[in-house]
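Chains as they are written, first to last, in our numbering: chain A, 1 to 64; chain B, 65 to 441.
Beta carbons: idealized from backbone N, C-alpha and C, even for Gly.
Below is one structure; the comments refer to it alone.
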Amino acid sequence: MTEKKNEKEIVAVLAGNLKKHGKAQINRLGTFSVSHQKQKQHQEKDGRIVMKPPADIITFTPEK
Amino acid sequence: MNHDEFVALLAKALGSDKNEASRALESWVDAVLLETEKSGSSSVTGLGTFRKTEDGSMILEPDQSLAMEVNHKYAGMSPIEISPPSSVPPESQEVSEDKLQEAVSEETRDDTDQETDSETESEKEKEKEKETAPGFAAKAYPYREPFARRVYEADDSDDEDTSAGPFGFSRQSIKKLFRYDNWDNSEKMIWLIPIAAMLIIALLLFFHFDGQRLSRTHLGDQPVVQNEIPVPIPEEDEGDRVIQEFVPSPDPVDEVAPPPDLDVTPEPVEDAATEPADEVIRDFALPYGLKGPEDEVLIGAYTIVVHSLRNERKSEIEKERLENQGYKATRWSAELPGGITTYRVGIGQFQSVSDAERAVEELPEPFRSNNFIIRIR
């Protein structure tokens, strides 16, 4: 029960930080961050050229 | 934030001290690493799934709801189509690079042979027809140079046919013109299209000048002396005068001038013409651009989104602020999955994405580096 509660709080702190586009480092696990992908032109297989929308994506870099 | 800062924040959330929070975090990390090592993946509710890759490293597949929350600014956006699918036929796309190279070299070699060795040209053409797969080269490279094929030696079999054709040309000379056997019907049509276009243009010019002549004759027959009537020129600025040239008269009967012996008071023609003139102005001055008043939101145009906010009031304030700076500002709401509403503020209206991209360069920071282009729907 306590472990579940702790996990819930850890995830809440981590997710809250990511929603603010912050970075969080946890020892022995890795670093969580948000990276921005710019909008870019992309050619589909059928020859269409589309402008892909930008995106903010969650990035995880494991600790080595 | 680094590890210590994270522990401090966790301690505050747990309502405990840093040591206890650190121990809780350590045990959670141990559990995650152990499960990932054992079963290859470890799912954490609200965060995502940690997976072990083949090279031994660990990746995170974020939870969908968390990913959407993080990406709320751009959520619900779909790619904008810039150019339609290519019209290249499928069989051309399936041709391998080697075959294409062969086709190119075949074409090049054939051109060279014709320039250097005209005596053996007919034999080489026959050989080329045998070597080349039927229709292959034409499908892969339809862009022949027709001008290189114009002059040909007369064949013995055609010498007998010397009867006169249309315009006094012999049938033989016409056959020479279209002699090249690899020409298909579409290539022959290349020569017919400009001829047909020239004929159409000649006909149009004929009817145009003939029509002018007829109208002059018609006006000359009428007992109307237009030049002698003192038509008052309204004192208007240059713009209004030009616009009236585009405005059709509401009733052509009114244009007929009265006889000169009558005392003519000028009709207020300009009043009738004023209302349609406004429409003309609107047609020629579409509200594209980065700055200026936004009188009309053009569906299908592109705009540069500079704000994507959850707070409706704040989005209104940002829109007003941009308008005060002289920008064309538009605000609209976007419904995201999960019932979340975001309010986006865009500036400018553009006909194409490239126009919008050029306008981005004119924007001040932070808008120049933090924006996205979207189509108004």
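query, result
"Three-state secondary structure (DSSP) at B:F431?", "coil"
"At which residues does the alpha helix (DSSP H) containing B:R385 begin and terminate?", "E376 to N388"
"Contact between the region 412-421 of chain B and the region 351-364 of chain B: three or more CB pairs below 8 Å?", "yes"
"Give the residues from the region 92-118 of chain B that approach chain A closer than 9 Å (Cβ to any Cβ), ordered along the chain.", "W92, V93, D94, A95, V96, L97, V108, T109, G110, L111, G112 and F114"
"Less than 8 Å between the beta carbons of B:G6 and A:V11, yes or no?", "Absent from the model: residue 6 of chain B. The displayed extent of chain B is 65 to 441, so no value can be given."
"If I'm right that B:S106 touches B:F114 with Cβ under 8 Å, what's the distance once you round it to whole angstroms?", "5 Å"
"Using 10 angstroms around the beta-carbon of B:I345, count the other beta-carbons present and answer buried if the total reaches 16, otherwise exposed.", "Any reading at B:I345 must be qualified, since the residue scores a pLDDT of 41, below 50, and its modelled position is unreliable; the value itself is stated next. The residue is exposed, with fewer than 16 neighbouring Cβ atoms inside 10 Å."
"Mind checking whether A:P54 and A:H36 have CB atoms under 8 Å apart?", "yes"
"Within the same chain, show all residues whose beta-carbon is closer than 7 Å to that of A:T61, passing over the 5 residues directly before and after it, in chain order.", "G30 and T31"
"Can you tell me which of the three DSSP states B:R87 falls into?", "helix"
"Could you have a look at A:D56 and say whether DSSP puts it in helix, strand or coil?", "strand"
"Taking a contact to mean a Cβ-Cβ separation below 8 Å, would you say B:I381 touches A:M51 in this structure?", "no"
"Using the three-state DSSP reduction, which class does B:A260 fall into: helix, strand or coil?", "helix"
"Within 8 Å of any Cβ in chain A, is that where the Cβ of B:N83 sits?", "no"
"Judging by CA-CA distance, which residue of B:V370, B:I264 and B:A77 is the nearest neighbour of B:E429?", "B:V370"
"Tell me the residue span of the beta strand (DSSP E) that contains A:H42.", "K40 to Q43"
"What number of angstroms, rounded off, separates the C-alpha of B:L267 from the C-alpha of B:F273?", "10 Å"
"Kindly give me the distance between the Cβ atoms of B:L354 and B:A423, rounded to whole angstroms, as I take these residues to be in contact under 8 Å.", "5 Å"
"Which chain A residues are close to B:K137, counting only those with a beta carbon under 7 Å from its beta carbon?", "D56"
"Smallest Cα separation from B:K82: which of B:H67, B:W396 and B:N434?", "B:H67"
"Please list, in chain order, the chain B residues whose beta carbon lies closer than 7 Å to that of A:K69.", "Residue 69 of chain A lies beyond the stretch modelled for chain A, which goes from 1 to 64, so this question has no answer here."
"Along the chain, where does the beta strand (DSSP E) containing B:V108 start, and where does it finish?", "S105 to V108"
"When DSSP builds the beta bridges, which residues end up paired with B:W396?", "B:R408"
"What are the boundary residues of the beta strand (DSSP E) that includes B:S372?", "Y366 to L373"
"Between A:L18, A:A24 and A:E3, which lies nearest to B:V134 when the distance is taken from Cα to Cα?", "A:L18"
"Taking the alpha-carbon of A:V34 as reference, which of A:I57, A:D46 and A:R48 has the nearest alpha-carbon?", "A:I57"
"For B:Q389, count the other beta carbons within 10 Å of its own beta carbon; 16 or more makes it buried, fewer makes it exposed. Which is it?", "exposed"
"Apart from the five residues just before and just after B:L78, which ones in its own chain have a Cβ nearer than 6 Å to its Cβ?", "A85"
"Counting along the chain, where does the beta strand (DSSP E) carrying A:S33 start and finish?", "G30 to Q37"
"Rounded to whole angstroms, what's the CA-CA distance from B:E101 to B:K116? Just pull it up for me.", "7 Å"
"Here's the rule: buried if 16 or more other CB atoms are within 10 angstroms of the residue's CB, otherwise exposed. What is B:I254?", "exposed"
"Taking 8 Å as the threshold (beta carbon to beta carbon), is B:L124 in contact with chain A?", "yes"
"If we cut at 8 Å on Cβ distances, does A:K40 have a partner in chain B?", "no"
"Would you please verify whether the beta carbon of B:I144 is less than 8 Å from any beta carbon of chain A?", "yes"
"Interface residues of chain A around B:M141 at Cβ under 7 Å?", "P53"
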